[in-house]
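*Asks:* If you use the UniProt record's numbering, the sequence shown closes out at 699, no skipped numbers anywhere. We put the beta carbon where it would ideally sit given N, CA and C, even for glycine. Values in this document were obtained by computation on a predicted structure and should not be read as measured data. Got a structure here, written out as structure tokens. Questions coming.
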Amino acid sequence: MVNAARRTPPAWVRWTLVGVLALVASLGFGVLTASADLSLGPHEARYEITTSGEVAADLGPLGTLRVDSPAGPLGVDVTIREIPADLAQIDRSTTLEDLSVDLQSYLQFFASPDVTIREVTSALVVDAVRRTAVALVVLAVAGAGLWFLVGAVRRRELAARVAPRTWEVAAGVAVLALLAGTLVADDRETPSNTPTSPVFAGTAFEGARITGRLAGVIDTYGAQLLGIYRSNEEFYADARTSLQEAWDRQARVDVALARMRERSLTTLTGTTAQPSDAATSDAATADVATPDAATPDAATPDPATPDPATPDAATPDPATPDPAASASPSAPAASGTPTPDVSPSGEPSAEVSTPSPTPEEDLVTLLVVSDLHCNMSMTPLIRDVAANAGAAAILDAGDTTMNGTAVERVCVNSFASARPQGVEMIAADGNHDSQVIADAQRGQGITVLEGSVVEVDGVRILGDRDPHETRVGGGTSVREETLEEVGERLAATACEDDVDLLLIHTPAVGNAALESGCVPFQVSGHTHRRHDPFAFGLGLRYVNGSTAGAASGQPTVGPLHGTAEMTLLRFDPVARRFVDWKLVEVFPDATAQVSPWQEMPAAPEPVEVEDGEGDGDRDDQTGDEQPTPGDEQPSGDAESSDAESGDAESGDAESGDAESGDAGSGDDAQPSDDEPAADGDHPADGDQPADDAADASQP
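The following block contains the structure:
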């Protein structure tokens, strides 16, 4: 008895061993049974953890693709399923278009496999932890139930017999675990004699082994696909380098101009200090340091581009792709100045707001992106601009995806990674997004606007998702509210709460809010064409171009087919207004340009109307209200090729818009015949964009 007592460990040791055993068993169960239903390119796929030591993608009768697992004995089996059609009704007339979108998804996967890998790893880890916790709880509940069922007397008898043999029991359990591990290792497949595919050399899939018919397909077409992949990688590497060089050049100019402004402000406050010769010299030197090398022949207009003063330039042929998006925009008006916008009035506003007396370091900087359409290759460039500018937040003006499907969550994950540490992202989802995408954005910590005001560094932002929903091949439909209803609701919310910025995808949704005088500034996207800040109603409106470089009839993945645009806005938290803006452009020739800071135009002043004048419904009217931009068909939109080819589903052949027959907005307005200039120049005199009602029928 004495020897047995000496061999018996203390109770806390015995309970610790029991707890460790339960934890190890639960962890093994959780890891080896973890799975996740995600996507692989355009496919739905199921990922399951195995002990094969390989990442194996089963492509059914085509064969398999196998890569050695970086996690040692743990591997992953990928069961590839169908390409989903959950948000679009597929028919024969749109099959080729849908396959084109699927091809873009394949290219996105091979160009950025790390995004998919991170998503899969995160999902499997979360599922393993969840299963481990469930197993541990089940063991604890089962153990507690058994404890009470046995009773106190029987527990003492069992403890007296088992306690002295604690170490023997522990050793036996360890031997069983080791034996199970050995059996699992023996059960692993013998390394295949299949040679690795040389096609993947130098890529993330280097060392991959391919079996079945897929091997022949890869050998035949793999070189072409890898050529596309490498071309894409080289293009965006060059574009990223050009962007950084353009930023550095313009930063020197901005510093010199800031010195001159400071001296000017000092003069205005009553001192006699004047801008020194040194400051003037700094500006001149910095300007000289901004060469036109990044944009060859910058001052020479493209001879193929029509004169914007001619009628031919004012109304482009609707059957041809948008020249503004498809022509090489590497010829801006001058180095350091942004390319001309499709101005709503044909002329920029001559009046500018009063310069802000607030020091630049106290201004809040926001970065605007829009219409990304799953061009994940732009993610590093967005991150660079946000970091260089010290942006407090990234504003996404919508259309993050192409079709709003679950497999496009990988695009959301990629763009979410564009945020530098501590930078928020605010999104107003567009007509190509969906509730699935909104949920994915929230899962990545992105704030999705839903009709209420959010505050970022003192900037109060109002917004909501687009009232329309567009699906490739499925047309455009109206969600719960029409464009006018959403606009009136947002206007009412803005008038009840202080708002500094309205962020909404389609420009015309903000008409009522701007006319109410409760919203001083609006930012939108949707048109794929930039409109510089201009007066509308009692506020200002800015329309950002496509950050994906969307061009008519061209995919948004791969090297740019149009100019990719991002915009920086600076907000004065003291005066509570936006004071200036900066345009960042990346061109299809992989060059880039950064504009200087440009002052915002002056906000319109209410005009008193004397009794008896006007219709008597309003006491004051706005001055020189401009027509809203954005009523035109988005250039390079995912469904714009339908419009040009006369999509059978458009229901409105006369309008040339693939989905204008899907207005559903509550009015019978049709798109105007007056289209804005499509080549990035100002329209001819007298040409105005279509009226606001037409936007209700646009995708």
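In whole angstroms, give me the CA-to-CA distance for L17 and V134.
*Replies:* In the sequence shown, residue 17 corresponds to position 17, counting from 1. In the sequence shown, residue 134 corresponds to position 134, counting from 1. The straight-line gap from Cα to Cα measures roughly 20 angstroms.
*Asks:* Pick helix, strand or coil for I437, following the three-state DSSP scheme.
*Replies:* The count along the sequence shown starts at 1 and reaches residue 437 at position 437. Three-state DSSP puts I437 in a helix.
*Asks:* Just curious, the alpha helix (DSSP H) that W12 is in, first and last residue?
*Replies:* If you number the sequence shown from 1, residue 12 lands on position 12. A11 to L32 is the span of the alpha helix (DSSP H), which, as asked, contains W12.
*Asks:* I want to know whether the stretch 553 to 560 touches the stretch 527 to 539 - three or more CB-CB distances under 8 angstroms.
*Replies:* no
*Asks:* Do you know how far the Cα of A142 is from the Cα of D37?
*Replies:* Here residue 37 refers to the residue found at position 37 of the sequence shown. Here residue 142 refers to the residue found at position 142 of the sequence shown. Rounded to the nearest angstrom, the two C-alpha atoms are 30 angstroms apart.
*Asks:* Are there three or more Cβ pairs, one per stretch, closer than 8 angstroms when the stretch 534 to 541 is compared with the stretch 479 to 499?
*Replies:* no
*Asks:* Considering only their Cβ atoms, is the gap separating T379 from S414 smaller than 8 angstroms?
*Replies:* Mapped onto the sequence shown, residue 414 falls at position 414. Mapped onto the sequence shown, residue 379 falls at position 379. For S414 and T379, yes; Cβs fall inside 8 angstroms.
*Asks:* Under the rule that 16 or more other beta-carbon atoms within 10 Å means buried, what is T547, buried or exposed?
*Replies:* Reading the sequence shown from its first residue, position 547 is the one you call residue 547. Answer is buried; the Cβ neighbour count reaches 16.
*Asks:* Less than 8 angstroms separating the beta-carbons of M425 and I382?
*Replies:* Stepping through the sequence shown from its first residue, residue 425 is reached at position 425. Stepping through the sequence shown from its first residue, residue 382 is reached at position 382. No, Cβ-Cβ distance for M425 and I382 is not below 8 angstroms.
*Asks:* In the DSSP assignment, find the alpha helix (DSSP H) that holds G491 and state where it starts and stops.
*Replies:* As a first step, residue 491 is located in the sequence shown; it is residue number 491 there, counting from the start. With the sequence shown as reference, residue 491 is identified as Ala, and Gly is not the correct amino acid for it. It spans L483 to E496 - the alpha helix (DSSP H) in which A491 sits, taken as one unbroken run.
*Asks:* Looking at P588 and G558, is the spacing between their C-beta atoms short of 8 angstroms?
*Replies:* For the purposes of this step, residue 558 is taken as residue 558 along the sequence shown, with counting starting at 1. For the purposes of this step, residue 588 is taken as residue 588 along the sequence shown, with counting starting at 1. No, the Cβ-Cβ distance between G558 and P588 is not below 8 angstroms.
*Asks:* In three-state DSSP terms, what is D371?
*Replies:* Along the sequence shown, one-based indexing puts residue 371 at 371. Of the three classes helix, strand and coil, the one that applies to D371 here is coil, per DSSP.
*Asks:* Going by the CB atoms, is the gap between I461 and L503 shorter than 8 angstroms?
*Replies:* The sequence position of residue 503 within the sequence shown is 503, counting from 1. The sequence position of residue 461 within the sequence shown is 461, counting from 1. By the CB criterion at 8 angstroms, L503 and I461 fall inside the cutoff.
*Asks:* Give the DSSP-derived three-state secondary structure of T622 in the structure shown.
*Replies:* Taking the first residue of the sequence shown as 1, we reach residue 622 at position 622. Confidence at T622 is low in this model, with a pLDDT of 46, below 50, so the placement of that residue is unreliable and no value is reported for it.
*Asks:* Decide yes or no for the touch test of the stretch 158 to 167 against the stretch 41 to 55: beta carbon pairs closer than 8 angstroms, at least 3 of them.
*Replies:* no
*Asks:* Looking at the secondary structure, which residues open and close the alpha helix (DSSP H) in which A159 lies?
*Replies:* Here residue 159 corresponds to residue number 159 of the sequence shown, with the count starting at 1. Start and end: A152 to V162.
*Asks:* Please report the straight-line C-alpha distance between Q441 and V448, rounded to a whole angstrom.
*Replies:* Locating residue 441 in the sequence shown gives position 441, counting from the first residue. Locating residue 448 in the sequence shown gives position 448, counting from the first residue. Approximately 7 angstroms, taken between the alpha carbons.
*Asks:* If V574 and T358 are in contact, beta carbons under 8 angstroms, what's the gap, nearest whole angstrom?
*Replies:* For the purposes of this step, residue 574 is identified with residue 574 of the sequence shown, where counting begins at 1. For the purposes of this step, residue 358 is identified with residue 358 of the sequence shown, where counting begins at 1. About 5 angstroms; that satisfies the 8 angstroms criterion.
*Asks:* Go through its chain and collect everything with a Cβ distance to R131's Cβ below 7 angstroms, but skip five positions before and after it.
*Replies:* To locate residue 131, count along the sequence shown from 1; it is residue 131. Excluding sequence neighbours, R131 sits near F29, G30, T33 and A34.
*Asks:* Please classify R409 as buried or exposed, where buried requires at least 16 other C-beta atoms within 10 Å of its C-beta.
*Replies:* The sequence position of residue 409 within the sequence shown is 409, counting from 1. With 16 or more Cβ atoms within 10 Å of its Cβ, R409 is classed as buried.
*Asks:* For the alpha helix (DSSP H) holding S52, just list the boundary residues, first then last.
*Replies:* To locate residue 52, count along the sequence shown from 1; it is residue 52. Counting along the chain, S52 falls outside any alpha helix (DSSP H), and DSSP gives it neither H nor E.
*Asks:* With I426 as the anchor, note down where its beta strand (DSSP E) starts and where it stops.
*Replies:* Locating residue 426 in the sequence shown gives position 426, counting from the first residue. Its beta strand (DSSP E) spans residues E424 to A427.
*Asks:* How about D464 and A428: do their beta carbons lie closer than 8 angstroms?
*Replies:* In the sequence shown, counting from the first residue as 1, residue 464 sits at position 464. In the sequence shown, counting from the first residue as 1, residue 428 sits at position 428. A Cβ-Cβ contact shorter than 8 angstroms links D464 with A428.
*Asks:* Determine the burial state of W597: buried for a count of at least 16 other Cβ atoms within 10 Å of its Cβ, exposed for fewer.
*Replies:* Indexing the sequence shown from 1 puts residue 597 at position 597. Flag for W597 reads buried.
*Asks:* Quick check on this structure: which residue in P604, G443 and W581 has the alpha carbon closest to the alpha carbon of C518?
*Replies:* Here residue 518 refers to the residue found at position 518 when the sequence shown is read from its first residue. Closest option to C518, Cα to Cα, is P604.
*Asks:* By how many angstroms is the C-alpha of V153 removed from the C-alpha of W12?
*Replies:* Here residue 12 is taken as the residue at index 12 of the sequence shown, counted from 1. Here residue 153 is taken as the residue at index 153 of the sequence shown, counted from 1. Between W12 and V153, the C-alpha separation is close to 20 angstroms.
*Asks:* Would R240 be called buried (16 or more neighbouring beta carbons within 10 Å of its own) or exposed?
*Replies:* Your numbering for residue 240 matches position 240 in the sequence shown. Burial of R240 is indicated by the presence of at least 16 other C-beta atoms within 10 angstroms of its C-beta.
*Asks:* Report the partner residues of H432 according to the DSSP bridge assignment.
*Replies:* Numbered from 1 along the sequence shown, position 432 holds the residue referred to as residue 432. According to DSSP, which records beta bridges pairwise, H432 is partnered with nothing at all.
*Asks:* Can you tell me the Cα-Cα spacing of A128 and S52, whole angstroms?
*Replies:* Numbered from its first residue, the sequence shown carries residue 128 at position 128. Numbered from its first residue, the sequence shown carries residue 52 at position 52. The straight-line gap from Cα to Cα measures roughly 17 angstroms.
*Asks:* S242 and T591 look like a contact to me (Cβ under 8 angstroms); what is the Cβ gap, rounded to whole Å?
*Replies:* Locating residue 242 in the sequence shown gives position 242, where the first residue counts as 1. Locating residue 591 in the sequence shown gives position 591, where the first residue counts as 1. Confirmed, about 5 angstroms.
*Asks:* Indicate the three-state DSSP secondary structure (helix, strand or coil) for I117 in the structure shown.
*Replies:* Here residue 117 corresponds to residue number 117 of the sequence shown, with the count starting at 1. Three-state DSSP puts I117 in a helix.
*Asks:* Output the distance between the C-alpha atoms of L99 and Q593, rounded to the nearest integer angstrom.
*Replies:* Position 99 of the sequence shown holds residue 99. Position 593 of the sequence shown holds residue 593. A caution first: L99 carries a pLDDT of 45, below 50, which makes its placement in the model too unreliable to give a value.
*Asks:* What does DSSP give as the partner residues of Y542 in its beta bridges?
*Replies:* Taking the sequence shown and counting its residues from 1, the one referred to as residue 542 is at position 542. Answer is V523, bridged to Y542.
*Asks:* Can you tell me whether P467 is buried or exposed, with buried defined as 16 or more other CB within 10 angstroms of its CB?
*Replies:* Position 467 of the sequence shown, counting from 1, holds the residue named residue 467. It counts as buried.
*Asks:* Do P601 and L540 come within 8 angstroms of each other at the CB atom, strictly closer than that value?
*Replies:* Counting from 1 along the sequence shown, the entry for residue 540 is found at position 540. Counting from 1 along the sequence shown, the entry for residue 601 is found at position 601. Cβ distance < 8 angstroms, so L540 and P601 count as in contact.
*Asks:* How should Q421 be labelled, buried or exposed, when 16 other C-beta atoms within 10 angstroms of its C-beta is the threshold for buried?
*Replies:* Stepping through the sequence shown from its first residue, residue 421 is reached at position 421. Q421 should be labelled exposed.
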